[in-house]
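Remarks on the structure that follows.
Numbering (the working numbering), first residue to last: 318 to 692.
Okay, structure coming up:
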């Protein structure tokens with residue numbers, strides 16, 4: 318009996334010793350505890366689409382967000398760029414507002430890419446561009462999500478947030494103020510992208526008490542003087558600003574008044590009309606750009622005209638004072654259209670709203686091709 322107990326104890330000792338030995342051995346051939354896959358960088362691509370907006374965000378969770386789609390003739394440019402990034406799916410497509418320089422290629426994007434979610438403000442226009450966008454969405458049985466200020470598109474535990482800050486109202490006189498404004502925050506870095514939001518929308522965001530502070534500001538309305546007020550700029554307090562604007566545009570964008578405001582605030586300025594496509598990459602703690610900050614220079618040069626098949630600068634034939642007088646001229650817009658017109662244009666039969674030429678240009682209106690108003 319005693320001998321049997323001794324044998325049992327000996328067997329237990331051997332088993333325990335073996336277990337201890339195994340536990341003390343290094344676990345060679347086994348991987349360390351896996352971590353959840355999470356890409357390290359947030360990348361913003363301000364794609365050069367001329368006088369328009371198209372911003373690609375490569376989010377650190379691997380998803381892709383496209384904000385606006387430039388003009389209708391930018392589809393090949395956008396496709397070429399997305400192809401260069403091997404992008405087949407757009408997880409979030411944001412149409413900030415229904416102006417042609419922001420949704421021009423929206424129908425093309427919806428028709429040619431796999432789309433996760435679409436966001437657009439609850440406002441419509443009668444333009445063919447907008448109609449084509451809606452038809453493309455309907456054809457693919459997609460749904461348009463209405464933005465709600467304060468809500469998050471993304472908000473996860475990895476410190477990646479995409480929050481909607483505007484629009485904050487349901488009725489505006491100008492389509493620009495329906496612009497979806499997004500704040501993207503990754504760790505300690507944040508981007509504020511404002512579409513064509515004007516001072517009206519900016520003031521609403523301030524009054525709502527949103528945290529507007531951001532490392533990088535994508536300037537509103539291509540640098541128009543009707544966006545980026547001094548108060549708004551002080552609330553955002555950016556280190557960098559990106560301006561998506563076309564060379565030699567007809568609108569005088571960016572406004573020298575706005576450029577001076579950023580210079581005074583010691584903000585580094587990056588412009589697509591100077592540097593082409595601008596890429597801002599961040600690990601969540603700093604930002605690296607693919608281009609140098611744009612040199613300080615006055616507003617975009619005046620457009621050119623063709624005379625006797627030779628291009629000559631308008632600046633050589635028209636004095637600055639006459640340009641100023643011209644921009645004080647009265648033109649006419651309609652309640653829903655995107656063009657401005659001469660008095661008497663056939664498109665003014667149902668609606669006719671007088672406006673100064675300079676204000677029409679700054680608000681994003683383009684000249685009617687039928688009546689050829691001043692530019």
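Every residue, glycine too, gets a C-beta built ideally from N, C-alpha and C.
Just so you know, these numbers come straight off a predicted model, no measurement behind them.
- Restricted to the segment 369-435, the alpha helix (DSSP H) segments that are unbroken, complete and at least 4 residues in length are 392-401, 417-420 and 423-429, listed in chain order.
- Residue 478: member of the beta strand (DSSP E) spanning 477-483, first to last residue.
- A Cβ-Cβ separation of about 17 Å leaves residue 477 out of contact with residue 436 under the 8 Å criterion.
- When DSSP states are grouped into helix, strand and coil, residue 570 belongs to the coil group.
- For the pair residue 458 and residue 423, the Cα-to-Cα distance works out to about 15 Å.
- Residue 392 and residue 669 have their C-alpha atoms spaced approximately 33 Å apart.
- Judged by DSSP in its simplified three-state form, residue 529 adopts coil rather than helix or strand.
- Between the beta-carbon of residue 541 and that of residue 570 there is about 6 Å, and that keeps the pair under the 8 Å contact cut.
- For residue 588, DSSP records a beta bridge to 560.
- Between residue 408 and residue 368, the CB-CB gap reaches or exceeds 8 Å.
- Rounded to the nearest whole angstrom, the C-alpha separation of residue 464 and residue 505 is 25 Å.
- As the crow flies, the alpha-carbon of residue 593 is around 11 Å from that of residue 559.
- With a cutoff of 8 Å on beta-carbon distance, residue 411 and residue 501 are scored as not near each other.
- Only residues of its own chain outside the window of five on either side were considered, and among them 374 and 409 have a CB closer than 6 Å to the CB of residue 382, listed in chain order.
- Judged by DSSP secondary structure, residue 453 falls within the alpha helix (DSSP H) whose first and last residues are 445-456.
- Judged by their CB atoms, residue 444 and residue 417 are nearer to each other than the 8 Å cut-off.
- When only Cα atoms are considered, residue 604 and residue 597 end up about 6 Å apart.
- Sequence-distant Cβ neighbours of residue 372 in its own chain, meaning closer than 6 Å and more than five residues away, are 363 and 384.
- Taken atom to atom, the span from the alpha-carbon of residue 449 to that of residue 658 is near 24 Å.
- Around the beta carbon of residue 666, a 10 Å sphere encloses fewer than 16 other beta carbons of the protein chains shown; the residue is thus reported as exposed.
- For residue 502, the uninterrupted beta strand (DSSP E) run begins and ends at 498-503, by DSSP.
- Taking 8 Å as the cut-off, the beta carbon of residue 473 is found no closer than this to the beta carbon of residue 493.
- For residue 550, the enclosing alpha helix (DSSP H) stretches over residues 547-553.
- Per DSSP, reduced to three states, the secondary structure at residue 517 is helical.
- For residue 507, the enclosing beta strand (DSSP E) has its first and last residue at 506-510.
- Around the beta-carbon of residue 452, fewer than 16 other beta-carbon atoms lie within 10 Å, marking it exposed.
- A residue is called buried when at least 16 other Cβ atoms come within 10 angstroms of its Cβ; residue 645 does not meet this threshold and is exposed.
- Between the C-alpha atoms of residue 377 and residue 361 there is a straight-line separation of about 11 Å.
- Under the DSSP assignment, residue 598 falls in the beta strand (DSSP E) whose first and last residues are 595-599.
- No Cβ-Cβ contact shorter than 8 Å links residue 485 with residue 519.
- DSSP lists 372 and 595 as the bridge partner or partners of residue 363.
- The residue from 446, 599, 430 and 515 with its alpha-carbon nearest to that of residue 420 is 446.
- Residue range 469-472 is occupied by the beta strand (DSSP E) that includes residue 472.
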